[in-house]
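Participant:
There are 4 protein chains.
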Amino acid sequence: MIRYLTAGESHGQALVGIVEGIPAGVPLTAAYIDHQLWRRQQGYGRGGRMRIESDTVEILSGVRFGRTLGSPVALMVRNRDWQNWTEKMAVEGNGKGIEKITLPRPGHADYVGALKYGFDDIRNVIDRASARETAMRVACASVVRRLLEEIGITIGSHVTSIGKVTLADRRAVDTLIRKCSPDMTDIADAADASEVRMLERAAEAKAINIIKSCKKKGDTLGGTFEVLVGGVPAGLGSYVQYDRKLDGQLAAAVMSIHAVKGVEIGDGFANSGRYGSEVHDELLAKRGVVTRPTNRAGGMEGGVTNGELLVIRGAMKPIATLAHPLRTVDIRSKKTARSRYERSDVCAVPACSVIAEAAVAPVIANAFLEKYGGDSLREVSARFKRR
Amino acid sequence: MIRYLTAGESHGQALVGIVEGIPAGVPLTAAYIDHQLWRRQQGYGRGGRMRIESDTVEILSGVRFGRTLGSPVALMVRNRDWQNWTEKMAVEGNGKGIEKITLPRPGHADYVGALKYGFDDIRNVIDRASARETAMRVACASVVRRLLEEIGITIGSHVTSIGKVTLADRRAVDTLIRKCSPDMTDIADAADASEVRMLERAAEAKAINIIKSCKKKGDTLGGTFEVLVGGVPAGLGSYVQYDRKLDGQLAAAVMSIHAVKGVEIGDGFANSGRYGSEVHDELLAKRGVVTRPTNRAGGMEGGVTNGELLVIRGAMKPIATLAHPLRTVDIRSKKTARSRYERSDVCAVPACSVIAEAAVAPVIANAFLEKYGGDSLREVSARFKRR
Amino acid sequence: MIRYLTAGESHGQALVGIVEGIPAGVPLTAAYIDHQLWRRQQGYGRGGRMRIESDTVEILSGVRFGRTLGSPVALMVRNRDWQNWTEKMAVEGNGKGIEKITLPRPGHADYVGALKYGFDDIRNVIDRASARETAMRVACASVVRRLLEEIGITIGSHVTSIGKVTLADRRAVDTLIRKCSPDMTDIADAADASEVRMLERAAEAKAINIIKSCKKKGDTLGGTFEVLVGGVPAGLGSYVQYDRKLDGQLAAAVMSIHAVKGVEIGDGFANSGRYGSEVHDELLAKRGVVTRPTNRAGGMEGGVTNGELLVIRGAMKPIATLAHPLRTVDIRSKKTARSRYERSDVCAVPACSVIAEAAVAPVIANAFLEKYGGDSLREVSARFKRR
Amino acid sequence: MIRYLTAGESHGQALVGIVEGIPAGVPLTAAYIDHQLWRRQQGYGRGGRMRIESDTVEILSGVRFGRTLGSPVALMVRNRDWQNWTEKMAVEGNGKGIEKITLPRPGHADYVGALKYGFDDIRNVIDRASARETAMRVACASVVRRLLEEIGITIGSHVTSIGKVTLADRRAVDTLIRKCSPDMTDIADAADASEVRMLERAAEAKAINIIKSCKKKGDTLGGTFEVLVGGVPAGLGSYVQYDRKLDGQLAAAVMSIHAVKGVEIGDGFANSGRYGSEVHDELLAKRGVVTRPTNRAGGMEGGVTNGELLVIRGAMKPIATLAHPLRTVDIRSKKTARSRYERSDVCAVPACSVIAEAAVAPVIANAFLEKYGGDSLREVSARFKRR
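Residue numbers (my numbering), protein chains in the order written: chain D, 102 to 488; chain R, 102 to 488; chain Z, 102 to 488; chain X, 102 to 488.
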């Protein structure tokens, strides 16, 4: 089973991650991970922060001569602006003279975090609750993603709406996806080529416009995205116990991403308004092979993959840090005040879509390893091909 | 930490569950659990199956003189029609002469289950993949719910749409909920009083009509529901590690319910289309107490509860067993055929809503116990009150 | 991954267990489990309790036509003397008039259990802390054992000392074991044939004598035992992370058995007094095959199985319930008193040895499934043979 | 719950660890951790490696102004001789020209590791299977230890035998321990003051002599040690489910340390040869307080702490790397050969004893947090004092 933990404060020295349980022999380079980190940093509407970052990973363990060792892979991404924060975020010392943040931003963990951990300085919350954490989550997941690729499982994603801007012709996008299927690398690349990760030019232009005008208003935007996983064999996950249902595990993975407040598999919410005869994907025999003319289930029946393209969608709320601040309560004075502004993005849905790719990767890999087992890529691959 | 496992085939002898980690001293009776089982069995549009069932639980361990012992609570719900299935579902014997099911129903685990486990008889899948399992999930969760009630945490739910029928006046429903808040028992009761668990008469009538006409067509319906948890203290869950985010855990719990394909916290999907200034819940100081005029976040910020009402919504797809069967592939002949019909419900959204209450209970309780600890209700309660 | 939970009070209605994660297609009958339960109940020096018990299992789920379904296997063992305890152990009611136990037995969980859970009646502790629980642990493990047998992994055990009585000629016993190796079924059978599970006649006679005389004195005895697992492939477990070391997992499994206070792998404690050159098992090439003239490591190097016979030893303290009671403190009066006597065994080391076989089975199976994966016995077996 | 993962190869760039679940507000400095790392590096009979190491930790996250933040604590210990290994242990490149190790050392994971992960170079195993990993385990555990200290739980350890050299007067040592009890800091310090961590001068001198002569012979030595935990409240762990028994968890923790092959709680193995009346610790009431004249149970009854000093003992086998190599099989040629010698220690029992302190710390802390809960040291402490 693959496990991973991330660590690191947003303005601390570095982000650190450990990925445990990766089979031996998986090809891996820092450049590969850096590319994924780069993908996460793209997107129209990102603030100055992203430019500062330009993340690069150091592989500290678990890889030798370009291949994983079966041992835990330790990763580090240094924070580029650490030198500006050595005093404010010092590990030691007493913090005297360092200003405390006492104004929680609505929609952030600021208020509840301070309450939970008993802080009088919200900086202690901000720095870990920040979406900066997802850089390490992406780095860790890249290791898993590399394994999946070797097996023939590919992950892509694209943005389906930003604010009220949605795809004008969803069918055209679906046709494109079907054409690439099962290899979702092309979808990932096509989305990477768009500043807003949209696969439709018309929507893309509108989205960029809405972000622009939103920025002027000092407001923020959310949106929806779709993660696609191709090459997933049928039979991953299980219906036999509630916590082994793969849809539940995928939902947890995506919902745990910062600002994500909704998840659906396939046409989840829309299907709830349709008749059964319009929803369920029929099976047809074509020369002895089972095919499905439709995939409204998003590749999942009874919590088990059915061999179709896996479709997981997420809804991201608008970013909680507004240039035009909202009302809040000062945790020291207990009085109503205006929340403070930290430099922030206007819209991070494209990044979120890449992070969601990362979030689902370990879930898929674990379900795969449960079925196929194995300690090395050679063992796993041989077994999978022979199936 | 509370753990639970369920077991049992739909037409087997019994459903069995074990709930581990319940503090000692929690008042519990079979009648209490039976009431929850009864709630799960209600709802307009249920097939004959429900009438047969009329579930009652036997508490086999973990409770003495009406109070939990800290030891695992074992529960059993006998299947009433077991006598009709003793041959077909015999534990021993060789199954000779028993007809095999070879026609998978689209939308069910039938096909992938047979593939995964190597079965030539889909009966082996159907009987565990069946939503019958949720009876035991509800029973197990009732033990947890009893604990939560003692602490002052209450859970309710209601149906927000069936097919295309939605609430005409969502605001009126919200007003009702706010009036009851934080005690969600009244909401549970009010929904129990409706055949479709709707809190609005107009929608209720329309929903019953659509179910009726749908039944005539041999089709099925899904819908959406909302689980509400009141009395949850701020600070449960954590933002520090992805898998400790309570929203992720809640999403997993609800998504793991049969036929649920979408989950959102608060106005999850709708919020993704709004501006930040329209979404985030401001904090106001009223005589030293922090209040929030709105709760669009559904009681959760950064994966941590914020003291507001917890709002979790789910989308259920239409039931996969249609009276008017769909096309499928016979797993023996590998030829296209019509899927077989098992007697089934037309719409199970009301039941699903009750099951979702059950699904979230252990997640809340575990987050609570992580913060407050304790081995007995007395210890836990005293500590919680003193906070 | 195989998980299992047990439930049930010693004088309650029944013991219940759920085993989750067993591949489909494993042959299983109640008679098979009953045989294991019978093995646990044997042994010279058992009190009257054992005779009352004569445990038989009911398989309530997870098995159809003699084969596992991949679904959770639920097991129930009814307590034969439940009818004598319906009042004292009633699930409901208020317990009025039922005498409370207030005298904790030294060496039992009685005192700490009452303290932990806040009980004024030690009966609430006794009934779950009792070694009666191990009947269900054995039943659950039997399901796993059946799987292991199909793969060619066999488990046996024997008693190596009772009180001060030890094997006179350990080498002779080792020779016997080597002769049977890798099939430990014969060892299990040979030990079953002895009233004290000893593989040496001389020691057996002495052990029976010491138990007899001990009983007269109103005292109790402990001893040591050895679990042997044959047919375990090299490469199970891992050195890459502390909690994946198989020796640690095995130690936890055996130490968690009632009254076990010591565990060693191979000649663990004795090896600590020897020189390295006397301890480590050399490897020799014999016609291209690696062999080991010795197995002092007990089949485990670096927390990973090395293909040799797995040897796990346990030390059981004397039973804590003495006919000639010890001093204790009444939890009500807080005064020193004599502990009360419950009918009990004089020596349970033979039973403990069988329970230890059960304890290790799921650990081995999980390490096996991690390496070989698979959802059905057919899939697992084919893969294992092909290796 | 506290979780931790370690990563890092013995000759890689660095060891890395992440500790998750530490409450906020625990005082922590790098110097504190360094002291624990220093303690691990002491001991007569260590090879040159130890001198090279002189480990110092970098705290990369989770601590600000000397206090934990509730966020994951990331630690890094750079390997001092990394510059000599940059080619041999390069993360990237193809490894051409780098000599492969093909001679497994008996008693190490070398052989099984290569087999398991499919390596043709045993270097890939050696570097992670090395006891070097325990440096990071100690570092991680130091964070937990700091928390325990604040609560009043202290951990010490001492060596009880090296090779055949045992304590001449165990009673005198026990008297010393009892005098310090419950504060085990003094025991830790007293053992630190001995080159072999022995609390008896006579044994110490003999042990140093035996190590000296053993070194000349090119052989190695093991031994036994004892970990003592003071200030542990009664009621940690539970008897209600096998995997919640604290003795099982402690056994796993200690057995998972490199070269440890035996674990006992209190007089585990010795007690198995005694009569019950000689073993169980009576309870006596002294002015309303329960006392125990003896502690043969090692502070644990029924898998639950009983408020007495916790005594956990381990048996370490001799180091597997002998200057005078043993026979082995070349994994390339498949021929018998002499195993290769890597510079190594003669005896590492003193280090192992310190590592064992580290291994048990998270187990105790988790059992504590399960009972007392809490997100900050202030919350936890206040609650614990009030009990």
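Beta carbons are placed, not taken as given, at the ideal position from N, Cα and C, and that holds for glycine. The model shown is predicted, which means the values in this text are computed figures rather than measured ones.
Ends of the beta strand (DSSP E) at residue 105(Z)?
Facilitator: Mapped onto the third sequence, residue 105(Z) falls at position 4. 104–108 is the span of the beta strand (DSSP E), which, as asked, contains residue 105(Z).
Participant: Return the CA-CA distance between residue 224(D) and residue 215(R), expressed in angstroms with no decimal places.
Facilitator: Locating residue 224(D) in the first sequence gives position 123, where the first residue counts as 1. Locating residue 215(R) in the second sequence gives position 114, where the first residue counts as 1. Going by the C-alpha atoms only, they are around 53 Å apart.
Participant: Runs of 4 residues minimum, wholly inside the region 222–282 of chain X: which ones carry the alpha helix (DSSP H) assignment?
Facilitator: 224–230, 234–252 and 271–281, all fully within the region 222–282 of chain X.
Participant: Applying a beta-carbon distance threshold of less than 9 Å, which residues of chain D neighbour residue 121(Z)?
Facilitator: The residue you call residue 121(Z) lines up with position 20 of the third sequence. Near residue 121(Z) (Cβ distances below 9 Å), the residues of chain D are 341, 342 and 345.
Participant: I want to verify the contact list: residues of chain Z whose CB lies under 8 Å from the CB of residue 296(D), in sequence order.
Facilitator: Residue mapping note: residue 296(D) aligns to position 195 of the first sequence, counting from 1. Near residue 296(D) there are no residues of chain Z at all, since even the closest Cβ is about 41 Å away, more than 8 Å.
Participant: State the DSSP-derived secondary structure class of residue 125(R), mapped to helix, strand or coil.
Facilitator: Reading the second sequence from its first residue, position 24 is the one you call residue 125(R). Strand.
Participant: Is the Cβ of residue 244(Z) closer than 8 Å to any Cβ of chain X?
Facilitator: On the third sequence, residue 244(Z) is found 143 positions in, with the first residue counted as 1. With 8 Å as the cut-off, residue 244(Z) does not count as an interface residue toward chain X.
Participant: Using a cut-off of 7 Å between C-beta atoms, extract the partners of residue 473(D) located in chain Z.
Facilitator: Residue 473(D) sits at position 372 when you count from the first residue of the first sequence. Neighbours of residue 473(D) on chain Z, chain order: 474.
Participant: Tell me which same chain residues have a C-beta within less than 7 Å of the C-beta of residue 336(Z), skipping the five on either side of it?
Facilitator: Position 235 of the third sequence holds residue 336(Z). For residue 336(Z), where only same-chain residues beyond five positions count, the Cβ hits under 7 Å are 405, 406 and 472.
Participant: Which chain Z residues sit within Cβ distance under 8 Å of residue 53(X)?
Facilitator: This structure cannot speak to residue 53(X), because chain X is shown only from 102 to 488.
Participant: Quick check on this structure: which residue in 342(D), 247(D), 139(D) and 267(D) has the alpha carbon closest to the alpha carbon of residue 232(R)?
Facilitator: Counted from its first residue, the second sequence places residue 232(R) at position 131. It is 342(D) whose Cα lies nearest to the Cα of residue 232(R).
Participant: I'd like the ranges of any alpha helix (DSSP H) spanning at least 4 consecutive residues and lying wholly in the region 319–396 of chain X.
Facilitator: As far as the region 319–396 of chain X is concerned, its whole alpha helix (DSSP H) runs of at least 4 residues are 347–356, 369–372 and 377–380.
Participant: CB residue 98(D) to CB residue 327(D), shorter than 8 Å?
Facilitator: Here chain D comprises residues numbered 102 to 488, so residue 98(D) is not present and cannot be evaluated.
Participant: Nearest CA to the CA of residue 366(X): which residue from 433(X), 359(X), 162(X) and 410(X)?
Facilitator: For the purposes of this step, residue 366(X) is taken as the residue at position 265 of the fourth sequence. Residue 366(X) has its Cα closest to that of 410(X), out of 433(X), 359(X), 162(X) and 410(X).
Participant: Secondary structure at residue 464(D), three-state DSSP: helix, strand or coil?
Facilitator: Position 363 of the first sequence, counting from 1, holds the residue named residue 464(D). Helix, per DSSP.
Participant: Pull up the DSSP beta-bridge partners for residue 415(R), would you.
Facilitator: Position 314 of the second sequence, counting from 1, holds the residue named residue 415(R). Its beta-bridge partners are 326(R) and 364(R).
Participant: Please decide whether residue 369(R) counts as near chain X, where near means a Cβ-Cβ distance under 8 Å.
Facilitator: For the purposes of this step, residue 369(R) is taken as the residue at position 268 of the second sequence. So, not an interface residue.
Participant: Using a C-beta cutoff of 8 Å, does residue 173(X) count as contacting chain R?
Facilitator: By one-based count along the fourth sequence, residue 173(X) stands at place 72. Yes - at least one Cβ of chain R is within 8 Å of the one on residue 173(X).
Participant: So which residues of chain Z does residue 336(D) contact, with C-beta pairs closer than 9 Å?
Facilitator: Along the first sequence, one-based indexing puts residue 336(D) at 235. By Cβ distance, chain Z contributes 476.
Participant: Is the CB-CB distance between residue 369(R) and residue 265(D) below 8 Å?
Facilitator: Within the second sequence, residue 369(R) is the residue found at index 268, counting from 1. Within the first sequence, residue 265(D) is the residue found at index 164, counting from 1. No.
Participant: Give the DSSP-derived three-state secondary structure of residue 141(Z) in the structure shown.
Facilitator: Working through the third sequence from its first residue, we reach residue 141(Z) at position 40. DSSP places residue 141(Z) in helix when its eight states are reduced to three.
Participant: What does DSSP give as the partner residues of residue 169(X) in its beta bridges?
Facilitator: For the purposes of this step, residue 169(X) is taken as residue 68 along the fourth sequence, with counting starting at 1. Residue 169(X) is bridged to 164(X).
Participant: Return the bridge partner residues of residue 428(R) from the DSSP annotation.
Facilitator: Position 327 of the second sequence, counted from the start, is the residue given in the question as residue 428(R). In DSSP, residue 428(R) forms a bridge with 439(R).
Participant: If you scan the region 165–213 of chain X from start to end, which runs of the beta strand (DSSP E) of 3 or more residues do you find wholly inside it?
Facilitator: Whole beta strand (DSSP E) segments, 3+ residues: 168–170 and 174–179.
Participant: Counting beta carbon pairs with one atom in the region 104–117 of chain R and one in the region 125–132 of chain R, are three or more of them shorter than 8 Å?
Facilitator: Judged by Cβ distances under 8 Å, the region 125–132 of chain R makes no contact with the region 104–117 of chain R, as fewer than three pairs qualify.
Participant: Taking the alpha helix (DSSP H) that residue 482(X) belongs to, which residues open and close that run?
Facilitator: The residue given as residue 482(X) occupies position 381 in the fourth sequence. Per DSSP, residue 482(X) belongs to the alpha helix (DSSP H) from 478–487.
Participant: Report yes if the CB atom of residue 207(X) is closer than 8 Å to the CB atom of residue 384(Z), and no otherwise.
Facilitator: Here residue 207(X) refers to the residue found at position 106 of the fourth sequence. Here residue 384(Z) refers to the residue found at position 283 of the third sequence. Yes, the Cβ-Cβ distance between residue 207(X) and residue 384(Z) is below 8 Å.
Participant: Can you pull the chain D residues whose beta carbon is under 7 Å from the beta carbon of residue 279(Z), in chain order?
Facilitator: Here residue 279(Z) is taken as the residue at index 178 of the third sequence, counted from 1. Per Cβ cutoff of 7 Å: no residues; residue 279(Z) is ~29 Å from chain D at best.
Participant: Name the chain R residues whose beta carbon is nearer than 7 Å to that of residue 137(Z)?
Facilitator: The sequence position of residue 137(Z) within the third sequence is 36, counting from 1. Going along chain R, no residue has its Cβ under 7 Å from residue 137(Z), so there is no contact; the nearest lies around 17 Å.
Participant: Do residue 377(X) and residue 420(Z) come within 8 Å of each other at the CB atom, strictly closer than that value?
Facilitator: To locate residue 420(Z), count along the third sequence from 1; it is residue 319. To locate residue 377(X), count along the fourth sequence from 1; it is residue 276. Taking 8 Å as the Cβ cut-off, residue 420(Z) and residue 377(X) qualify as a contacting pair.
Participant: Interface residues of chain Z around residue 165(D) at Cβ under 8 Å?
Facilitator: On the first sequence, residue 165(D) is found 64 positions in, with the first residue counted as 1. Ordered by position in chain Z, no residue passes the 8 Å Cβ test against residue 165(D), which lies about 14 Å from the chain.
Participant: Can you have a look at residue 136(D) and say buried or exposed, based on whether 16 or more other CB atoms are within 10 angstroms of its CB?
Facilitator: Taking the first residue of the first sequence as position 1, residue 136(D) is located at position 35. When all chains shown are included, residue 136(D) counts as exposed.
Participant: So with CB distances below 8 Å, who are the chain Z contacts of residue 372(R)?
Facilitator: Along the second sequence, read from residue 1 onward, the residue named residue 372(R) stands at position 271. The contacting residues do not exist; residue 372(R) stays about 37 Å from chain Z at best.
Participant: Tell whether a beta-carbon distance below 8 Å holds between residue 450(X) and residue 417(X).
Facilitator: For the purposes of this step, residue 450(X) is taken as the residue at position 349 of the fourth sequence. For the purposes of this step, residue 417(X) is taken as the residue at position 316 of the fourth sequence. For residue 450(X) and residue 417(X), yes; Cβs fall inside 8 Å.
Participant: Look at the Cβ atom of residue 293(Z), then the Cβ atom of residue 143(Z), and state whether they are nearer than 8 Å.
Facilitator: Residue numbering aside, residue 293(Z) sits at position 192 when the third sequence is read from its first letter. Residue numbering aside, residue 143(Z) sits at position 42 when the third sequence is read from its first letter. The answer is yes: Cβ separation under 8 Å.
Participant: Quick one: what's got a C-beta closer than 6 Å to residue 121(Z)'s C-beta in the same chain, skipping five residues either side?
Facilitator: As a position in the third sequence, residue 121(Z) is number 20, starting the count at 1. Answer for residue 121(Z): 104 and 173, listed in chain order.
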